[in-house]
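Residue numbering for the sequence shown is 65 to 396, as defined by the numbering used here.
Glycine included, each C-beta is placed from N, C-alpha and C at the ideal position.
These numbers were taken from a predicted model, which means no experiment stands behind them.
A quick write-up on the structure given underneath.
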Amino acid sequence: MISRAPVPIARIAGTGRFLPPRVLTNAELEAMVETSDEWIRTRTGITERRVAEGEMGAAVMGAGAAEAALANAGLTASDIDVVLVSTATPDRLLPSTACDVQALIGANRAFAYDFATACSGFPYGLAMATGHIAAGQAENVLVICTEKMSSIVDWSDRTTCVLFGDGAGAAVVSRATGESGILSSFMRSDGTLAELLYRPAGGARIPIDIAVLDEKNHFIKMAGPEVFKNAVRSMCDAAEEALRRAGVTSEEIDLLVPHQANIRIIESTAKYASIPMEKVFVNVDKYGNMSSASVPVALDEAREQGRVGEGSLVLMVAFGAGLTWAANVVRL
Ligand code: UT7
65 MISRAPVPIA
75 RIAGTGRFLP
85 PRVLTNAELE
95 AMVETSDEWI
105 RTRTGITERR
115 VAEGEMGAAV
125 MGAGAAEAAL
135 ANAGLTASDI
145 DVVLVSTATP
155 DRLLPSTACD
165 VQALIGANRA
175 FAYDFATACS
185 GFPYGLAMAT
195 GHIAAGQAEN
205 VLVICTEKMS
215 SIVDWSDRTT
225 CVLFGDGAGA
235 AVVSRATGES
245 GILSSFMRSD
255 GTLAELLYRP
265 AGGARIPIDI
275 AVLDEKNHFI
285 KMAGPEVFKN
295 AVRSMCDAAE
305 EALRRAGVTS
315 EEIDLLVPHQ
325 ANIRIIESTA
335 KYASIPMEKV
345 FVNVDKYGNM
355 SSASVPVALD
365 EAREQGRVGE
375 GSLVLMVAFG
385 AGLTWAANVV
395 RL
């Protein structure tokens with residue numbers, strides 16, 4: 065179904081982020097695995113990332129981002145009707161991290177649930193929030209993307225441990241009242257490619273036991289180069305389709321806010337989408353790949369830095385495990 069929306073149903077009323085204070089540099093990784101600052105910077109664009117230490121988990125980081133987004137929107141937690149949490153690293157498997165975030169922030173009128181679309185969480189979440197508002201179930205929705213990737217990477221595997229970081233980003237999505245809002249959403253997935261990027265064990269089919277721990281099958285595994293190729297192709301397709309559904313051209317876009325996995329993927333996506341790098345937001349150097357948190361953290365920083373403001377046209381595009389990919393065009 066095509067979600068073309070000339071009159072927007074929902075808008076982004078506020079954004080926020082939470083980044084754990086501990087910075088892990090490439091130099092520190094050089095002492096942990098056989099890697100180099102030079103390799104990490106040239107192959108990925110990453111120079112440092114954040115790590116949530118101790119018991120700081122997805123709920124606490126998500127609540128921090130949510131409170132910042134509420135303050136930015138001028139709302140309180142009791143104004144919220146729905147708490148949506150995207151995470152690949154829930155604090156517990158039961159109940160949802162969304163319910164924990166709800167309790168932490170005191171969103172006492174809301175219903176809350178998690179969804180699992182990996183790095184594509186923010187564009188999916190904006191579409192889901194729009195749906196709840198369109199169905200008359202909500203006026204204000206919190207979309208929270210929170211990831212403690214450091215808890216699922218194998219710190220002895222140089223092919224993955226240098227890539228990821230921890231953090232959370234959030235947006236308050238409210239009913240649109242004018243021309244500003246979410247103009248289009250595009251979402252796709254391909255479950256036949258699930259094992260290009262996955263955690264083999266730790267769920268219901270293969271619970272964690274001694275053999276799983278010995279084989280390190282509770283950690284993230286990624287076929288990097290295959291994922292890279294799919295990422296570029298899928299993000300380009302998603303960007304093109306979101307633009308078409310919004311009825312705008314890439315020349316009209318003020319800022320592209322892409323998933324921050326690798327600077328080379330970002331540059332290729334921008335090139336194919338015909339958007340010059342001056343109009344692309346990049347912070348992968350500071351945070352690495354924060355999975356679904358990367359797009360909302362980038363959007364929040366872009367707003368704070370004045371790269372976009374009221375009336376700006378923003379294209380957001382993401383790609384991740386599933387495989388999943390998605391994009392939105394939003395008038396702020
Ligand atoms: O957010 C979800 C989506 N995820 C992504 O989009 C990630 C997509 N993939 C990538 O970003 C890239 O494929 C990587 C950054 C993961 C890898 O970059 P690459 O240019 O595709 O490198 P490669 O995997 O082909 O490895 C090249 C070489 C290999 O050595 P040989 O076989 O050529 O001798 C690797 O063993 O680099 C080696 N290598 C490393 N060397 C130093 C792999 N990781 C490291 C490392 N440090 N950390």
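My guess is that residue i and residue j are in contact by the Cβ rule of under 8 Å, so how many angstroms apart are they, rounded?
i: Ala310; j: Ser238; result: With a Cβ gap of about 19 Å, Ala310 and Ser238 do not count as contacting.
i: Leu320; j: Ala337; result: 7 Å
i: Ala74; j: Thr194; result: 4 Å
i: Val236; j: Leu148; result: 11 Å between Cβ atoms; not a contact.
i: Ile104; j: Val226; result: 5 Å
i: Pro322; j: Thr333; result: 6 Å
i: Asp62; j: Ala152; result: Because the chain spans 65 through 396 in this model, residue 62 falls outside it and cannot be assessed.
i: Asp318; j: Leu257; result: Actually they do not touch by this definition, with Cβ atoms about 33 Å apart.
i: Thr79; j: Arg367; result: 6 Å
i: Gly185; j: Ser356; result: 3 Å
i: Ala171; j: Ala129; result: Contact flag wrong, Cβ pair sits at about 13 Å.
i: Ala265; j: Ile272; result: 6 Å
Which one or two residues does DSSP pair with residue i in a beta bridge?
i: Trp389; result: Arg252 and Phe383
i: Pro322; result: Val381
i: Ile246; result: Val394
i: Phe82; result: Ala232
i: Val149; result: Asp178 and Ile208
i: Val87; result: Arg114
i: Tyr262; result: Lys285
i: Val344; result: Leu320
i: Asn353; result: Phe228
i: Ala74; result: Arg239
When you compare each of the options to residue i by their alpha carbons, which one comes out closest?
i: Asp218; options: Ala77, Thr151, Ala133 and His282; result: His282
i: His196; options: Val393, Ala91 and Ile144; result: Ile144
i: Arg222; options: Ser142, Leu387, Glu92 and Thr388; result: Glu92
i: Thr106; options: Ala382, Val348, Pro84 and Ala152; result: Val348
i: Gly386; options: Thr181, Gly375 and Gly229; result: Thr181
i: Gly233; options: Val372, Ser215 and Val361; result: Val361
i: Gly138; options: Met192, Val207 and Ala77; result: Ala77
i: Gln324; options: Ala382, Pro271, Arg269 and Gln369; result: Ala382
i: Leu83; options: Val97, Arg156, Val71 and Asp230; result: Asp230
i: Ile117; options: Leu88, Asp273 and Arg156; result: Looking at the sequence itself, residue 117 is Glu, so the reference to Ile does not match. The candidate whose alpha carbon is nearest that of Glu117 is Leu88.
i: Gly414; options: Ala357, Gly255, Phe345 and Gly352; result: Nothing about residue 414 can be reported from this structure: the residues present for the chain run from 65 to 396 only.
i: Pro289; options: Phe175, Gly185 and Thr108; result: Thr108
i: Arg173; options: Glu374, Met213, Ala366 and Ala202; result: Ala202
i: Arg308; options: Val146, Val394 and Asn353; result: Val394
i: Glu374; options: Pro159, Ser100, Ala176 and Glu243; result: Glu243
i: Ala198; options: Tyr351, Val276 and Ile246; result: Ile246
i: Ser160; options: Ala176, Ile270 and Ala129; result: Ala176
i: Ala95; options: Glu365, Ile329 and Ser220; result: Ser220
i: Met341; options: Phe186, Ile284 and Ile330; result: Ile330
i: Trp389; options: Tyr188, Glu102, Ala141 and Leu158; result: Tyr188
i: Tyr262; options: Ala275, Thr241 and Ala287; result: Ala287
i: Leu379; options: Ile339, Met354 and Cys183; result: Ile339
i: Glu112; options: Gly352, Val359, Glu365 and Leu396; result: Gly352
i: Ala306; options: Arg114, Ala391, Lys212 and Val146; result: Ala391
i: Gly255; options: Gly384, Glu102, Arg81 and Ile284; result: Gly384
i: Met213; options: Ser100, Glu365 and Ser150; result: Ser150
i: Val359; options: Asp155, Ile208, Arg156 and Pro154; result: Ile208
i: Glu98; options: Pro72, Arg114, Ala127 and Thr224; result: Thr224
i: Asn90; options: Pro72, Arg114 and Arg156; result: Arg114
i: Ile284; options: Asn294, Phe292 and Phe228; result: Phe228
Would you kindly report the start and end of the unbroken beta strand (DSSP E) that includes residue i?
i: Ala171; result: Element bounds for Ala171: n/a, residue is neither H nor E.
i: Asn204; result: Asn204 to Lys212
Within 8 Å of any Cβ in chain D, is that where the Cβ of residue i sits?
i: Ala325; result: Here there is only one protein chain, and chain D is not present.
What residue range is occupied by the uninterrupted alpha helix (DSSP H) comprising residue i?
i: Gly231; result: Per DSSP, Gly231 belongs to no alpha helix (DSSP H); it is in the beta strand (DSSP E), Asp230 to Arg239.
i: Phe186; result: Gly185 to Ala198
i: Arg444; result: This structure leaves residue 444 out entirely; the chain is present only between 65 and 396.
i: Ser298; result: Gly288 to Ala310
i: Thr224; result: Arg222 to Cys225
i: Arg367; result: Ser358 to Glu368
i: Gly128; result: Ala122 to Ala137
i: Asp278; result: Ile274 to Glu279
i: Arg328; result: Ile327 to Tyr336
- Could you tell me whether the segment 286 to 306 touches the segment 251 to 269, where touching means 3 or more Cβ pairs closer than 8 Å? yes
- Query: Would the segment 117 to 124 and the segment 164 to 172 be scored as touching if the rule is three or more Cβ pairs under 8 Å?
  - Reply: yes
- Please determine if the segment 185 to 193 and the segment 127 to 137 are in contact, where contact requires at least 3 C-beta pairs separated by less than 8 Å. no
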